[in-house]
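Following: one structure in structure tokens, then a few remarks.
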Amino acid sequence: VKDNRIVYELFGEPNLNSVQDVLNILQRSGVRNPETGELLDSTDKKLLSQSDHPIVKALLSYRNNFKIHSTYTESLRQFVNPFTQRIHSTFNQIGAPTGRFSSTSPNIQNLPRTSEFRKLFRASKGYKLIVADYSQIEVRVSACISKDQELISIFRNKQDLYKSVASKIYEIPYDEVTKEVRQRCKAVVLGFQYGMGAKKFKTYFNGFGQEEIDVEQSEEIRKAFFSKFQGLEQWHNRVKNATRSNARVFKTFSLYGRRRLFTDRQSLSFSAMVNSPVQGTSADITKYALIYLHQYLSVINRLYQDAVNQHKKDAPLPLRKAAIIVNCVHDEVILEVAEELAESLRPLINWLMEFPAIEVMKDVPVTVESSVVDSWA
């Protein structure tokens, strides 16, 4: 609404979903192509995202919010159960080849991550949400599989991952790493963890909200990273050598033993071979965590209901649960918990989620971060 009002006050009432109307607005505003310096002749998102013009920002914000409204907000209404007044998604246990869940009707795992949208999902009256997620789980799994001692040391010493990486590759004291440099190294870790090449990393890094770099600078960063994390590079090299062999069938295994077969050369790639055991292990850990949570919460719910009924002997209350699992998005678990129990149950929930990782990742500590909130935002 705010974005609409800004544009309407300046240009009347154009159709903001019309390419021609939007182009007219941009040209009348004097917005220029950042690459050529000429007046814009395109409404391409990649081109517009390079501009700092306030009208461009308002239009991009409108586009994003309109997509959220039309794709998600309106379509979600049809999935609201008339009896429970909740949305009940269908989860597929092996929706992805790596072992991750997928969900349908609706795809509750692919909702926008903006706080404006997620705050629509709120706890019931008398309840709170506990949002718990694994901290940097895939990097930790990569450290465990590759046996990279530098990465393992960072996690064992409970250091900030991205500050530590920045300190190592830029050779500056840990305490002198700025927020900007730390953010830059977030792109470095996430990009090179799965062996991204210099060309692809250049595009990834530049789209990460960082200063522009060219391919040569990208290659320099790549070399600096792997010079410090040699165990990771050696693991990547072993995988590359395996993909170059003449074998007809290739296999990857998660730390829990989940096997993925590659029987088609066209589906085989270095990134898939590196990604599968990492993502598969993360998925296995989350699924075991859900089992443990369900088992423990079932007991707690029975005790809680008995206590409630004991307190109201003359008029037993309807079934009221202490805590239930309401959603799982990859490495994040969302629970709805009775308000008076939320803070006391939170440490138990963290421990139950961490326990499956302890079984298979003895060298690398895994931590769960959680918070008690009113909404999913």
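Residue numbering for the sequence shown follows our numbering, starting at 53 and increasing by one per position. Even glycine gets a Cβ: it sits at the ideal position worked out from N, Cα and C. All figures in this text were calculated on a predicted structure; none of them were measured in a lab.
Handout entry: Nonlocal neighbours in the same chain, by C-beta distance under 6 Å from K220, ignoring five residues either side
Key = Cβ neighbours of K220 beyond the five flanking positions: K280.
Exercise for the section: Select from N67, R311, F131 the residue whose C-alpha is nearest the C-alpha of Q148. Expected result: The question names Gln, but residue 148 in the sequence shown is Ala. When N67, R311, F131 are compared, the shortest CA-CA separation from A148 is found for R311.
Problem - DSSP-derived helix/strand/coil call for V83 - result: V83: coil per DSSP, three-state reduction.
Problem - Rounded separation between V193 and V330 - CA only - result: C-alpha separation (whole angstroms): 6 Å.
Exercise for the section: Assign R274 to buried or exposed, taking buried as 16 or more other Cβ atoms, counted over all protein chains shown, within 10 Å of its Cβ. Expected result: R274 is buried by the Cβ-count criterion.
Practice task
Could you check if I160 is buried or exposed, using at least 16 other CB atoms within 10 Å of its CB as the buried criterion?
Solution key: Buried, because 16 or more other Cβ atoms sit within 10 Å of the Cβ of I160.
Handout entry: Extent of the continuous beta strand (DSSP E) to which E388 belongs
Key = Run containing E388: 384-390, per the beta strand (DSSP E) assignment.
Problem - Heavy atom of the ligand HEM within 8 Å of I139 beta-carbon - result: As far as ligands go, the structure on display features none, and thus does not contain the ligand HEM.
Problem - Beta-carbon spacing of L2, L284 below 9 Å - result: With the chain covering 53 to 429 only, the question about residue 2 has no answer from this structure.
Problem - Beta-bridge partners of D185, as assigned by DSSP - result: Looking at the DSSP assignment, D185 forms a beta bridge with E384, E421.
Handout entry: Proximity winner among R174, Y340, V416, relative to F153 (alpha-carbon distances)
Key = The shortest C-alpha separation from F153 is found at Y340.
Handout entry: Three-pair Cβ contact test at 8 Å for the segment 396-409 versus the segment 340-352
Key = With the cut-off at 8 Å, the segment 396-409 and the segment 340-352 touch.
Handout entry: Residues near S157 in its chain [Cβ-Cβ closer than 8 Å; skip 5 each side]
Key = Closer than 8 Å at the Cβ level, and outside the excluded window around S157, lie F131, S141, T142.
Practice task
Identify whether F169 lies in helix, strand or coil by the three-state DSSP scheme.
Solution key: Residue state, collapsed to three classes: helix.
Problem - Residues of its chain near L369, where Cβ-Cβ distance is below 6 Å and the 5 sequence neighbours each way are ignored - result: Caution applies to L369, whose pLDDT of 48 falls short of 50 and renders its modelled position unreliable; the model cannot decide the point.
Handout entry: Simplified DSSP state of F135, which is helix, strand or coil
Key = DSSP places F135 in coil when its eight states are reduced to three.
Practice task
Classify S154 as helix, strand or coil using the three-state DSSP reduction.
Solution key: Reduced to three states, the DSSP call for S154 is strand.
Practice task
Note down, in chain order, each residue of its chain lying with its Cβ closer than 6 Å to the Cβ of I120, except the 5 sequence neighbours on either side.
Solution key: Here I120 has P164, F169 as same chain residues with Cβ atoms under 6 Å from its own Cβ, once five neighbours each way along the sequence are excluded.
Practice task
Starting from the C-beta of N423, find all residues in its chain whose C-beta is less than 7 Å away, skip the five residues before and the five after it, and write them out in chain order.
Solution key: Looking at the sequence itself, residue 423 is Ser, so the reference to Asn does not match. Correct list, in chain order: V183.
Exercise for the section: Tell me, please, which residues DSSP counts as bridged to I120. Expected result: Residue pairing by DSSP leaves I120 without any beta bridge partner.
Exercise for the section: On the DSSP bridge assignment, give the partners of P339 in chain order. Expected result: For clarity, residue 339 is Lys in the given sequence; the question names Pro instead. According to DSSP, K339 bridges with nothing at all.
Practice task
With DSSP as the reference, please indicate the residues paired to S427 in a beta bridge.
Solution key: Note: S427 sits in a beta bridge opposite R174.
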